[in-house]
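Participant: Chains as they are written, first to last, in this note's numbering: chain A, 14 to 668; chain D, 14 to 668.
2 protein chains.
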Amino acid sequence: MLSATINRGKKWRKYKVKRQEREADLAGCQVQDEFWSYFQRLVTDEVIPYQEKILNDEIPGVEKSHALENFRIAAGDTSGEFYGMVFQDSDVAKWLEAVAYSLQVKPDSDLEARADAVIDTIGRAQQEDGYLNTYFTVKEPEHRWQNLLECHELYCAGHMMEAAAAYYETTGKDKLLTIMCRMADHIDARFGVGKMEGIPGHEEVELGLLRLYRATGEVRYRRLSEYFINQRGKNPDFFKEEAQKRDWRHFAMRAEDVAYNQSHLPVREQSTAVGHSVRAMYLYTAMADLAGETGDQELFDACVRLWEDTTNRQMYVTGGIGSTVHGEAFTKDYDLPNDTIYAETCASIGLVFFARKMLEISPSARFADVMERCLYNGVLSGMQHDGKRFFYVNPLEVIPGLSGEQAEYAHVIPKRPQWYACACCPPNVARLLPSLGRYAWGENADTIYSHLFVGGSYVSQAAGGMRVTVTSEYLQKGKIVYTMHPATQKACTLAVHIPGWCRKYTICVAGELLESADIREGYCYIRRNWKEGETVELQLELKPRRVYANTAVREDEGCVALMRGPLVYCLEEVDNGKELYKIRIPRQADLHVEEKKDPIIGDYAQLQLEGVRMITSEALYSDEPPKAESCKVRAVPYYLWGNRSEGEMRVWIHE
Amino acid sequence: MLSATINRGKKWRKYKVKRQEREADLAGCQVQDEFWSYFQRLVTDEVIPYQEKILNDEIPGVEKSHALENFRIAAGDTSGEFYGMVFQDSDVAKWLEAVAYSLQVKPDSDLEARADAVIDTIGRAQQEDGYLNTYFTVKEPEHRWQNLLECHELYCAGHMMEAAAAYYETTGKDKLLTIMCRMADHIDARFGVGKMEGIPGHEEVELGLLRLYRATGEVRYRRLSEYFINQRGKNPDFFKEEAQKRDWRHFAMRAEDVAYNQSHLPVREQSTAVGHSVRAMYLYTAMADLAGETGDQELFDACVRLWEDTTNRQMYVTGGIGSTVHGEAFTKDYDLPNDTIYAETCASIGLVFFARKMLEISPSARFADVMERCLYNGVLSGMQHDGKRFFYVNPLEVIPGLSGEQAEYAHVIPKRPQWYACACCPPNVARLLPSLGRYAWGENADTIYSHLFVGGSYVSQAAGGMRVTVTSEYLQKGKIVYTMHPATQKACTLAVHIPGWCRKYTICVAGELLESADIREGYCYIRRNWKEGETVELQLELKPRRVYANTAVREDEGCVALMRGPLVYCLEEVDNGKELYKIRIPRQADLHVEEKKDPIIGDYAQLQLEGVRMITSEALYSDEPPKAESCKVRAVPYYLWGNRSEGEMRVWIHE
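And the structure:
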């Protein structure tokens, strides 16, 4: 057995900034995985059609969307008033991006035709000068580009650019790409040094422009992204000055709160994750993406500092980020309340994006571990198991009666709603899951990276078209088998991420047990002249385990969380009764795995142990230490919580 | 040794409602006590003159008060605009009430003359029809009595009635009493069944009217109080209907939030403490006072239910109440967060009032214990040790950097401010402390009750004028000696409250150790034909001890508080370093008492023990249980916290 002696702490190799690998082309990825295929099918078969209906206002009793109607009105196809958030367009953009990936997973000519029709409408909604935004086109054409702080024009453009690039990549159709190039040209004509020196209030356009650059090769788009990134925080008074120039406002955002949108410092000087956590993630992802493109060491160093602060001092065990509802924001290092938490689904998705871009520069387990933590926990928890309800907030402790009711906990809703007035999270889940292959695989000239264990196959461009097939029993047995199908006789490397949670594992290459291995930064590099059908078998010791938070996390003091593999577990009222905070887990108690079948959440591994439940006495305060009675404790994977019934839930259990 | 086998739980004797005792006449009380005399002197020598200067706007750099100037303007003595809260008058009322008690503690003819002058001004500010309120007189005369929900006219009147009765009782001067009888008559002419069926948005007038009734014997005032109490909640739509009748509002209070001001149910049907906690306490106190006056069993039963809910399910270990800043309110049973707490000083003072009125009907330790808990902890903590700064919010956990800064904790200021725009708490402390004798002593025809241990003397009207002198080393040694000085030869009873915290004690009567005693409901009744100079010596075992919260209190799970006698202790950063949440106290560690002298907080008993401090490792989450190193833990009385420096503080310590 090999021991995971991976140092996931301070002493990481300092990479010179150069892209070490690139995320996989989705065309080469095929997912056939007991766990993930369920979620991909859910997105293709349920979520995307459901969201299409919502965007078309065809589902009664749900928050009205009106997002597609806004485009039709802007296009002149129908008449009416704009309805919804100022960033309502982005719901359509994210849906289109999800459709693009979905068509890759499961071709669907009807869906593609409907998406094409939406793109046609978008084209008609575009203005002569390339401008595209239904809110301002329909409602306030005279107010274009006057309120970057609040009005999300660049944000919506960025999402549509991502959709355009994705749709082009997976369908080969360039209509939306052309539309968004016109919009990018429009933006480029307006913004930049010596032009309007503005920056977006909500970062995203930086990401969209980089994707547009890669899809088209147009270097102006990369430079425009670079401008927006570098300009950020150079003039912390920008939003104040902007606000002084106009006599209207949209929300009640405070232009002075520059940390809220990360414009408090030039990005290269930032070291602490602050402000709105989704904005922060989109910015940091763009910074990392740009650093990979340009080899900008200073920018990457800032990314590393921000990564460390985010993931080593401000991240929940589920991969959730954003400790407060006030500004949907980061607070202070190690301030991680479980019950008043925000941990927006979008923020964990943003952290996945950030991790993926960091991996490109530095294929290290410290990035892959966090990406995995988010995906299996704080991202999946955002969606009901039937794909029809969604969480915005992903708490680690829920107590109906307080949660969702009492002011401090009003945002912590104990049950996933069907849709939201501010519907950013559901389409974000929908675009992430069908593009999972890009996160699972990466490559460079002669190395194939396996970042996540996802069954199926991957055809690389590396090593002359090596095809790797994978069977994964990762969650069930900790076993993953790669089978190699080389197209040429050249040697190449398979680099497999050894998950940070794993203490012991074995690797068999072509049937031979490895006695030692080339492990660097949590990746096992196996270089061979692969022969057809040779396998790499990875067997991870999959024991349920106790996890402790750093003692600097005040809210988790004296508590323990349960995990198995990458899955964080939680206690639910439906299995354990009410008042979960009265349950204590002895440090020595055996953790037993029991396979369960459930009509709602399907097959899953329950953790069971003998714990105690504190008995409630009569007095409010007493000199007598509280008494306890033994009880059976049952834990379920966190991502499944809230599916079977509405009730209490708790991740951190008293020890 | 006698054991305290007092059942402080369910099985209390059900009293028929009849006043068992009455609070002492202040004229008979003299306080000469190492602990309490300091605070009384602080009020007479520092707080009252300081507050007088503030009310006169003579202290620079402090929140402007303008309260006396408002009266001068209303009186026509000066011209100007009203400034301050709509209830600014009540600051003057509470100050006058404090002055009244202060003159009893320490006669001061200059102060009395200045108070008389203030009363003269008040008289001139009163309108022809008896109406008295400077806000409406100066600023919005057309809006009188239109907004009972928000505008505190009845509240201010109630406070001034209390001041009038107090000033009359201690000085014999009836000018303010006459003024307030005219105002009461004005109110009586307007409100009542068949008249305007209104109730105050903030209860207080009910208490003022009962005091006015007792001072004057005018039964109409009692009936008017009774009307306001009984009317409350009879029409839960009252405030909504009131709001519909006017086209203006003062604050942004929601008339629908009927629980906020306890008008959600008729008072006799209420069982759960809800809403704004100060309002609740003033209401419940008035209910108990009225029940004692009228023998209203149903009303008293409601008081008992509300008492049980407040003190047995919603009270902090310090006697603080009000778990949330949102509405300064109660939340749910056992929801007692320590860091986002409200626990307003006024609310604990209100709980002292409520306890005192319950004691009159039912002299039980369950009331006296809570009264003592509040006084020694959550009330005294409201004032800086020099009497010049005050807390509104009394937290049980403070972490500068979060507390006072991060939105959830913004109200939890780590340092006492000098004054507040809403300055209810400082004058409430000032009126409570000099009237301590009323809470310490009570009597009926032939029984003298000692509810609190306060050195000095008490001359009762009971038993023909028995004088009891007391020397108290309660906090220092747990020893209290009563010396009896009878004026007649009739037998009478001394009833001594045995504090609930005490497990073992001895009582010597006239030098004889009692082998058994007549203990009822936590009071030891000693009946004798007392001879001059006979003593009752009470020796309480004064060991530092650990206290546990009911396991239903989620926030205190796994934690312990330290107490000695009635004092709750806390850990402060100045003694223990930062990150107090990392400290754990072994269950078996000896608690050692060390007498300390400090230039700022004077003499106090520090608790010391060997604890451990959890070590912070590098990783945010780890499979390794956290390690600890031993450390010396030092605890100081809670009421003294925040005096020596600004830093962390914590009451509940991990065990």
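Even for Gly, the Cβ is constructed at its ideal location relative to N, Cα and C.
Any beta carbon of chain D sitting closer than 8 Å to that of Arg21/A?
Facilitator: Along the first sequence, one-based indexing puts residue 21/A at 8. Here Arg21/A scores only 44 on pLDDT, less than 50, and its place in the model is too uncertain to base an answer on.
Participant: Since Thr506/A meets chain D, which of its residues come closer than 7 Å, beta carbon to beta carbon?
Facilitator: Reading the first sequence from its first residue, position 493 is the one you call residue 506/A. By Cβ distance, chain D contributes nothing, its closest Cβ being about 29 Å from Thr506/A, past 7 Å.
Participant: Compare the C-alpha of Lys208/D against each of Tyr240/D, Leu551/D, Lys188/D and name the closest.
Facilitator: In the second sequence, counting from the first residue as 1, residue 208/D sits at position 195. It is Tyr240/D.
Participant: Taking a contact to mean a Cβ-Cβ separation below 8 Å, would you say Pro430/A touches Gly417/A in this structure?
Facilitator: To locate residue 430/A, count along the first sequence from 1; it is residue 417. To locate residue 417/A, count along the first sequence from 1; it is residue 404. The answer is no: Cβ separation not under 8 Å.
Participant: Along chain A, in chain order, which residues have C-beta atoms closer than 8 Å to that of Thr285/D?
Facilitator: Numbered from its first residue, the second sequence carries residue 285/D at position 272. Ordered by position in chain A, no residue passes the 8 Å Cβ test against Thr285/D, which lies about 13 Å from the chain.
Participant: Shorter than 8 Å from the beta carbon of Arg533/D to some beta carbon of chain A?
Facilitator: One-based indexing of the second sequence puts residue 533/D at position 520. No, Arg533/D lies away from the interface with chain A (no Cβ there is under 8 Å from its Cβ).
Participant: Tell me Ile334/D's beta-bridge partners as DSSP assigns them.
Facilitator: For the purposes of this step, residue 334/D is taken as the residue at position 321 of the second sequence. BP columns for Ile334/D point to Met328/D.
Participant: Taking C-beta to C-beta, are Ser336/A and Pro350/A nearer than 8 Å?
Facilitator: In the first sequence, counting from the first residue as 1, residue 336/A sits at position 323. In the first sequence, counting from the first residue as 1, residue 350/A sits at position 337. Yes, these two residues count as a Cβ contact at 8 Å.
Participant: When Cβ atoms are compared, which residues of the region 627 to 640 of chain D fall closer than 8 Å to chain A?
Facilitator: Of all residues in the region 627 to 640 of chain D, Met627, Ile628, Thr629, Ser630, Glu631, Ala632, Leu633, Tyr634, Ser635, Asp636, Glu637, Pro638, Pro639 have a Cβ within less than 8 Å of some Cβ in chain A.
Participant: Tell me the DSSP secondary structure of Ile681/D in three-state form.
Facilitator: Nothing can be reported for residue 681/D: it is not among the residues displayed for chain D, which extend from 14 to 668.
Participant: Output the residue ranges of the alpha helix (DSSP H) runs that lie fully inside the region 565 to 610 of chain A and measure 4 residues or longer, sorted by chain position.
Facilitator: The qualifying runs are 586 to 589.
Participant: Provide the residue(s) that pair with Lys616/D in DSSP beta bridges, ordered along the chain.
Facilitator: In the second sequence, the residue the question calls residue 616/D occupies position 603. What sits at residue 616/D in the sequence shown is Asp, not Lys. Paired residue(s): Lys610/D.
Participant: CA-CA distance, Val271/A and Asn589/A?
Facilitator: Within the first sequence, numbered from 1, the residue matching residue 271/A stands at position 258. Within the first sequence, numbered from 1, the residue matching residue 589/A stands at position 576. Going from the Cα of Val271/A to the Cα of Asn589/A covers about 45 Å.
Participant: For Trp49/D, report the span of its beta strand (DSSP E) as first-last.
Facilitator: For the purposes of this step, residue 49/D is taken as the residue at position 36 of the second sequence. Trp49/D -> not in any beta strand (DSSP E); alpha helix (DSSP H) instead, spanning 49 to 54.
Participant: Quick one: what does DSSP say Asp531/D is sitting in, helix, strand or coil?
Facilitator: Counted from its first residue, the second sequence places residue 531/D at position 518. Asp531/D falls in the strand class under three-state DSSP.
Participant: Below 7 Å between beta carbons is the criterion; list the residues of the region 329 to 346 of chain D that meet it against any residue of chain B, in chain order.
Facilitator: Absent from the structure: chain B. Protein chains present are A and D.
Participant: Given a cut-off of 8 Å, decide if Glu255/D and Pro376/D are closer than it, judged by their beta-carbon atoms.
Facilitator: What you label residue 376/D is simply residue 363 of the second sequence in a count that begins at 1. What you label residue 255/D is simply residue 242 of the second sequence in a count that begins at 1. No; because the gap between Cβ atoms is not below 8 Å, this pair is not in contact.
Participant: Consult DSSP for Tyr538/A and reduce its assignment to one of helix, strand or coil.
Facilitator: Position 525 of the first sequence, counted from the first residue, corresponds to residue 538/A. Three-state result, Tyr538/A: strand.
Participant: What three-state label does DSSP hand Glu219/A in the structure shown?
Facilitator: For the purposes of this step, residue 219/A is taken as residue 206 along the first sequence, with counting starting at 1. Looking at Glu219/A - three-state DSSP - the assignment turns out to be helix.
Participant: Going by DSSP, which residues form a beta bridge with Trp454/D?
Facilitator: Within the second sequence, residue 454/D is the residue found at index 441, counting from 1. DSSP lists Ser463/D as partners of Trp454/D.
Participant: Whose C-beta lies closer than 7 Å to the C-beta of Met371/D among residues of the same chain, with five residues either side of it excluded?
Facilitator: As a working note, residue 371/D is residue 358 in the second sequence. Cβ neighbours of Met371/D beyond the five flanking positions: Ala301, Cys316, Trp320, Phe380.
Participant: If you follow the beta strand (DSSP E) that Gln552/D is in, where does it begin and where does it stop?
Facilitator: In the second sequence, the residue the question calls residue 552/D occupies position 539. Segment 548 to 553, the beta strand (DSSP E) holding Gln552/D.
Participant: For Asn325/D, would you say it is in contact with chain A, using Cβ-to-Cβ distances shorter than 8 Å as the test?
Facilitator: Locating residue 325/D in the second sequence gives position 312, counting from the first residue. Asn325/D counts as touching chain A.
Participant: For Ala176/A, name the three-state secondary structure that DSSP assigns.
Facilitator: Position 163 of the first sequence holds residue 176/A. Of the three classes helix, strand and coil, the one that applies to Ala176/A here is helix, per DSSP.
Participant: Buried or exposed: which applies to Ala504/D, given that a residue is buried once 16 or more other Cβ atoms fall within 10 Å of its Cβ?
Facilitator: Translated into the one-based positions of the second sequence, residue 504/D becomes position 491. Its Cβ having fewer than 16 others within 10 Å, Ala504/D is exposed.
Participant: Going by C-alpha to C-alpha distance, which of Tyr389/D, Met328/D, Leu162/D sits closest to Lys258/D?
Facilitator: Along the second sequence, read from residue 1 onward, the residue named residue 258/D stands at position 245. The candidate whose alpha carbon is nearest that of Lys258/D is Leu162/D.
Participant: Does DSSP put Ser485/D in a helix, a strand or coil?
Facilitator: Stepping through the second sequence from its first residue, residue 485/D is reached at position 472. Three-state DSSP puts Ser485/D in a strand.
Participant: In the structure shown, what three-state DSSP assignment does Cys169/A receive?
Facilitator: Your numbering for residue 169/A matches position 156 in the first sequence. Cys169/A falls in the helix class under three-state DSSP.
Participant: His398/A: buried (16+ other C-beta within 10 angstroms of its C-beta) or exposed?
Facilitator: Residue mapping note: residue 398/A aligns to position 385 of the first sequence, counting from 1. Buried.
Participant: Between the alpha carbons of Arg224/D and Lys186/D, how many angstroms are there, rounded?
Facilitator: In the second sequence, the residue the question calls residue 224/D occupies position 211. In the second sequence, the residue the question calls residue 186/D occupies position 173. Distance between the alpha carbons of Arg224/D and Lys186/D is about 15 Å.
Participant: Under a three-way DSSP split, which group does Val131/D fall into?
Facilitator: The sequence position of residue 131/D within the second sequence is 118, counting from 1. Looking at Val131/D - three-state DSSP - the assignment turns out to be helix.
Participant: Would Arg567/D count as contacting chain A if we go by Cβ distances under 8 Å?
Facilitator: Residue 567/D sits at position 554 when you count from the first residue of the second sequence. Taking Cβ atoms only, chain A reaches closer than 8 Å to Arg567/D, which makes this a yes.
Participant: Since Gly571/A meets chain D, which of its residues come closer than 7 Å, beta carbon to beta carbon?
Facilitator: Numbered from 1 along the first sequence, position 558 holds the residue referred to as residue 571/A. In chain order: Gly571, His667.
Participant: When you compare the region 146 to 161 of chain A with the region 76 to 93 of chain A, are there three or more beta-carbon pairs, one atom per stretch, that lie closer than 8 Å?
Facilitator: With a cut-off of 8 Å, the region 76 to 93 of chain A and the region 146 to 161 of chain A count as touching, because enough Cβ pairs lie within range.
Participant: Can you tell me the Cα-Cα spacing of Val406/D and Val105/D, whole angstroms?
Facilitator: Locating residue 406/D in the second sequence gives position 393, counting from the first residue. Locating residue 105/D in the second sequence gives position 92, counting from the first residue. Between Val406/D and Val105/D, the C-alpha separation is close to 22 Å.
Participant: Distance, Cα to Cα, Met266/A vs Ser394/A?
Facilitator: In the first sequence, residue 266/A corresponds to position 253, counting from 1. In the first sequence, residue 394/A corresponds to position 381, counting from 1. If I take the Cα positions, the gap works out to 30 Å.
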